[in-house]
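Peer 1: There's a structure below that I have some questions on.
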C-alpha cells in the first residue's frame, strides 16, 4: 500500500479501509497522509504471504461434490421434496374458505400445513444459498490451483483497524473448507520436530486441545495407522469416518 486507494490488488480498485460508503471515514483516512505509513507496511507484510491450493484436499472435495456426498457439511445438490399433503395437487386444507368460515379443526390443520410448507421452502432456500457459496469457493480454488507458483491475498482494514484479506470467497480466515483448501506455498522439510507439531495440530482439529502438547501428539500416535489409511483412501466409507469425526474435518483431512 502507498495510499488510501493505491494498493491491494494489482488492477482492481480497492481502499485501505472498509468504509461501506461512509464519506466521513474516507476523509479521515485520506487526511491521515503519511501517518498511515506503518499501517501500510503491516498490511504489506500480511499481503506478502504466498499461498497455494492443497491439491489432495481439493480433489476429495471435488469428487464428493460431483458424487453428491453430503459429507462434512457439504450441501445436498437436490432440494428436499415437498411432502404430498403439502404440494399443490395434494389435499388442499380449507380450499375456497376464508379464515372466518373455517371451523377450529380446519384452522389448526391449515396452520400446520402452512407452517410445514414454509419450513420446507425455507430449508430449500438455505440449501440454494449454501450451494452457491460452495460453487463459488470451488471455482476460485480450481482457478487458483492453476498457479502452482503461488498467489497472494491483499489485506485491508475494517473501521476498527483490524486486518482482513480482501477476497471474499476463499481466504485463510474463512470456513473450515477454505482453510483446508489452503496451504503455505513456501514449504520446508518436516523433520522430527515438524512432525511432532503436525501431530499436535491434528489433535487440536479433533477437539483434543485441553491436554498437554505431548499428550496431543500421543493421541495422534495412537491413531497413526488409521490416519494413514484415511489419507490414502479419504472417500472410502471404511476410512473416511476418521476425518469426518473431526471438529474441522477438511483441515483434518489436509493435515
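Numbering (the working numbering), first residue to last: -5 to 249.
All C-beta atoms, glycine included, are put in the ideal place defined by N, C-alpha and C.
All figures in this text were calculated on a predicted structure; none of them were measured in a lab.
So what's residue 45 in DSSP terms, helix, strand or just coil?
Peer 2: Locating residue 45 in the chain shown gives position 51, where the first residue counts as 1. Note: residue 45 maps to strand in three-state DSSP.
Peer 1: Should residue 147 be labelled buried (16 or more other beta-carbon atoms within 10 Å of its own) or exposed?
Peer 2: Taking the chain shown and counting its residues from 1, one reaches residue 147 at position 153. With 16 or more Cβ atoms within 10 Å of its Cβ, residue 147 is classed as buried.
Peer 1: Is the separation between the beta-carbon of residue 112 and that of residue 73 shorter than 7 angstroms?
Peer 2: Locating residue 112 in the chain shown gives position 118, counting from the first residue. Locating residue 73 in the chain shown gives position 79, counting from the first residue. Cβ distance not < 7 angstroms, so residue 112 and residue 73 don't count as in contact.
Peer 1: Whole angstroms are fine: how far does the CA of residue 57 sit from the CA of residue 183?
Peer 2: As a first step, residue 183 must be located in the chain shown, where it is residue number 189. As a first step, residue 57 must be located in the chain shown, where it is residue number 63. Using only the alpha carbons, I get a separation of about 29 angstroms.
Peer 1: Contact between the region 237 to 246 and the region 174 to 183 is defined here as three or more beta-carbon pairs at a separation below 8 angstroms; is this criterion met?
Peer 2: Flag = yes, the region 237 to 246 and the region 174 to 183 touch.
Peer 1: If you drop the 5 nearest sequence neighbours on each side, which residues of the same chain put their C-beta closer than 7 angstroms to that of residue 163?
Peer 2: The residue you call residue 163 lines up with position 169 of the chain shown. The answer, listed in chain order, is 130, 131 and 134.
Peer 1: Assuming residue 128 and residue 47 make a contact with CB atoms under 8 angstroms, what is their CB distance in whole Å?
Peer 2: What you label residue 128 is simply residue 134 of the chain shown in a count that begins at 1. What you label residue 47 is simply residue 53 of the chain shown in a count that begins at 1. In fact, because the Cβ distance is near 16 angstroms, the residues do not count as touching under 8 angstroms.
Peer 1: Report, in whole angstroms, the separation of the C-beta atoms of residue 224 and residue 233, which I expect to be a contact under 8 angstroms.
Peer 2: Residue numbering aside, residue 224 sits at position 230 when the chain shown is read from its first letter. Residue numbering aside, residue 233 sits at position 239 when the chain shown is read from its first letter. Right, their Cβ atoms sit about 5 angstroms apart.
Peer 1: Compare the beta carbon distance of residue -2 and residue 28 with 7 angstroms and say whether it is the shorter of the two.
Peer 2: On the chain shown, position 4 is the one that residue -2 refers to. On the chain shown, position 34 is the one that residue 28 refers to. No; because the gap between Cβ atoms is not below 7 angstroms, this pair is not in contact.
Peer 1: Flag this pair as yes or no: are the beta carbons of residue 37 and residue 149 separated by less than 7 angstroms?
Peer 2: Numbered from its first residue, the chain shown carries residue 37 at position 43. Numbered from its first residue, the chain shown carries residue 149 at position 155. Closer than 7 angstroms, so yes.
Peer 1: Please report the residue range of the beta strand (DSSP E) in which residue 178 lies.
Peer 2: Your numbering for residue 178 matches position 184 in the chain shown. Element bounds for residue 178: 176 to 178.
Peer 1: May I ask you to list the residues that DSSP assigns as paired with residue 192?
Peer 2: Position 198 of the chain shown, counting from 1, holds the residue named residue 192. Its beta-bridge partners do not exist; DSSP assigns none.
Peer 1: For residue 22, which residues from the same chain have a beta carbon less than 8 angstroms from its beta carbon, with the 5 sequence-adjacent residues on both sides left out?
Peer 2: Within the chain shown, numbered from 1, the residue matching residue 22 stands at position 28. Result list for residue 22: empty, nothing under 8 angstroms.
Peer 1: Once DSSP output is grouped into helix, strand and coil, what is the label at residue 207?
Peer 2: As a first step, residue 207 must be located in the chain shown, where it is residue number 213. In the structure shown, residue 207 sits in a helix (DSSP, three-state: H, G or I).
Peer 1: From the DSSP secondary-structure annotation, give me the bridge partner or partners of residue 145.
Peer 2: Against the chain shown, residue 145 aligns to sequence position 151. DSSP output for residue 145 lists 45 as bridge partner(s).
Peer 1: Taking 7 angstroms as the limit between beta carbons, can you name the residues of its chain near residue 41, skipping five residues before and five after?
Peer 2: Residue mapping note: residue 41 aligns to position 47 of the chain shown, counting from 1. Only 146, 147, 148 and 149 meet the Cβ criterion.
Peer 1: Jot down the residue ranges of each uninterrupted beta strand (DSSP E) in the region 116 to 171, minimum 3 residues, whole runs only, in chain order.
Peer 2: Listed in chain order, the complete beta strand (DSSP E) runs (minimum 3 residues) inside the region 116 to 171 are 149 to 151 and 157 to 159.
Peer 1: Rounded to whole angstroms, what is the Cα-Cα separation between residue 208 and residue 191?
Peer 2: In the chain shown, residue 208 corresponds to position 214, counting from 1. In the chain shown, residue 191 corresponds to position 197, counting from 1. When rounded, the distance between both Cα atoms is 10 angstroms.
Peer 1: Residues bridged to residue 11 by DSSP?
Peer 2: The residue labelled residue 11 in the question sits at position 17 within the chain shown. Residue 11 pairs with 151.
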